[in-house]
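Reminder that position 141 of the sequence shown reads as 151 in the working numbering, one-by-one numbering, no gaps. See below for the structure under consideration.
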Amino acid sequence: MSKPMDNSDSQLPIHFEDTSIAFQHKSDRDLQLSYLIFLLTKRPFLVKFLSRAAKLSLSMGLPVKPLIKATVFRQFCGGETRREYQKVIAQLGRSGIGAILDYSVEGGGDEAGFEETKNAILQTIRQAGSDKNIPCACMKMTGIVAESLLEKMTAGGALSKEDEPAWECLKQRLSDICKQAEEGGTPIYIDAEESWIQGIIDDLAEEMMLIFNQKKAIVFTTLQMYRTDRVDYFKRLIENARRNAFLLGVKIVRGAYMEQERERARHWGHPSPIYPDKPATDRSFDEILRLFMDHIDVVEICVGTHNETSCKLLADFMAERGIPNDHPHVYFSQL
């Protein structure tokens with residue numbers, strides 16, 4: 011995640027051709043490994059084959075974990091222990107790059123597991139509040155409640171007597187998390203999930219924003235822009251924020267559940283909730299950037315993308331309107 015620049019650099023033009031800042035913390039060997047990994051990820055067949063091979067090897071007890079940790083894990087993960095990821099955070103911080111502490115795991119399937127996940131999220135928020143290189147924390151709603159309950163509520167089902175305790179526990183856990191974030195001044199990003207549980211996640215996120223986003227955006231919801239309804243939803247969020255006088259916190263991404271969404275739509279004979287191709291998703295993503303610029307006074311955004319075109323588009327919009335690079339309502343974020 012990019013961090014605000016020194017004030018002296020806030021009006022300087024951004025040059026995407028200059029990679030020295032982004033990669034100065036990496037050795038030539040690190041860059042070569044990253045290049046190889048990204049080449050492989052461009053080939054879906056290889057990704058599926060290698061993923062299955064890795065899972066099979068691990069299940070058979072073959073000694074492949076060191077290889078995985080030294081390659082793919084190293085590229086996309088900060089570490090397995092606090093000591094490991096703190097080294098990475100400090101290294102990134104020296105290059106002006108912040109790190110998101112992301113405890114985005116699903117709970118253990120019972121109330122004890124959900125409570126354990128909540129406590130782990132609270133700990134990441136506390137750590138973020140004490141480290142200038144960690145600007146925010148992240149969570150998944152399925153980490154603190156059963157997915158089946160989220161699906162039922164998204165479908166408009168009524169709470170049964172058996173559901174009521176779990177529902178109240180969910181609301182209390184979410185409130186505890188957001189309150190801790192507010193007390194520490196650390197934004198909490200609520201991840202987007204599959205469309206069949208996202209409706210109630212949206213509702214809960216909006217409820218928390220209304221409570222905790224009065225002075226700054228503490229609670230952020232996430233929009234997956236491959237969904238065909240997200241631009242209109244963003245417009246409604248802006249209207250709600252203005253009407254109820256709170257700051258709207260939004261992270262935008264292209265989307266993470268394409269195969270699951272299409273498979274479920276085929277299975278049930280429903281229209282797919284996502285765009286048929288990437289160009290349509292790109293247009294949706296970039297439309298959000300345009301809307302954001304018109305409402306930057308009431309929206310704080312985290313642009314989660316590796317897409318250079320989208321990043322440059324927002325940077326150009328900001329330059330055209332004289333908005334400084336260190337504007338507190340703008341963050342860029344990558345894996």
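Ideal placement from N, C-alpha and C gives every residue a C-beta, glycine not left out. Treat the numbers as computed from the prediction; the structure is a model and nothing was measured.
Check                                                                                         : Outcome
Beta carbon of N143 nearer than 8 angstroms to that of L102                                   : yes
Helix, strand or coil at D16 [DSSP, three-state]                                              : For D16, the pLDDT reaches just 49, beneath the cut-off of 50, and the residue's location in the model is therefore unreliable, although a value from the coordinates is still provided. Residue state, collapsed to three classes: coil.
7 angstroms Cβ shell around L89 - same chain, five flanking residues per side excluded        : First, the residue type needs correcting, since residue 89 is Gly and not Leu in the sequence shown. Correct list, in chain order: Y95 and V98.
Residue burial classification, I48 (beta-carbon count within 10 angstroms, cutoff 16)         : For the sequence presented, residue 48 should be read as Phe rather than Ile. F48 is exposed by the Cβ-count criterion.
For G279 and T196, the rounded distance between their alpha carbons                           : 42 angstroms
Beta carbon of L180 nearer than 8 angstroms to that of A227                                   : no
Own chain, CB closer than 8 angstroms to D173, minus 5 neighbours either side, in chain order : L159 and K162
Span of the alpha helix (DSSP H), counted from its first residue to its last, around M219     : S205 to F222
Through-space distance from Q85 to Y285, alpha-carbon basis                                   : 29 angstroms
Rounded straight-line distance, which links the Cα of R62 to that of L41                      : 26 angstroms
For Y95, the three-state DSSP class (helix, strand or coil)                                   : helix
Simplified DSSP assignment, three categories, for R264                                        : coil
Where the beta strand (DSSP E) through F230 begins and ends                                   : V229 to Q234
For E125, the nearest candidate out of K65, I187 and R136 (CA to CA)                          : I187
Reduced DSSP category for L257 - H, G, I as helix; E, B as strand; rest coil                  : coil
Inter-residue Cα distance where the pair is M151 and I221                                     : 18 angstroms
Whether A64 touches V57 by CB criterion (8 angstroms)                                         : no
Inter-residue CB distance, L184 and M218 (contact presumed, cutoff 8 angstroms)               : 6 angstroms
Limits of the beta strand (DSSP E) - the one that S343 falls within                           : V340 to S343
Endpoints, the beta strand (DSSP E) within which E310 is located                              : V309 to G314
Option nearest V241 by Cα separation, candidates R293, D28, C148 and R136                     : R293
Alpha carbon of G209 to alpha carbon of E157, nearest angstrom                                : 12 angstroms
I200 - partner residues in DSSP beta bridges                                                  : M149
Strand pairing of A110, partner residues [DSSP]                                               : Correcting the residue identity first, residue 110 is Ile in this sequence and not Ala. Per DSSP, C146.
Length of the line joining the Cα atoms of Y243 and E27                                       : 34 angstroms
Candidates P334, E330 and C312, of which the one nearest P145 by Cα                           : C312
Rounded C-alpha distance that separates A202 from K52                                         : 24 angstroms
Reduced DSSP category for I284 - H, G, I as helix; E, B as strand; rest coil                  : strand
C-alpha gap between L66 and I78, whole angstroms                                              : 13 angstroms
Check whether I198 and V229 have beta carbons under 8 angstroms apart                         : yes
CB contact check: G166 to chain D, cutoff 8 angstroms                                         : Of the chains in the structure shown, none is chain D; there is only one protein chain.
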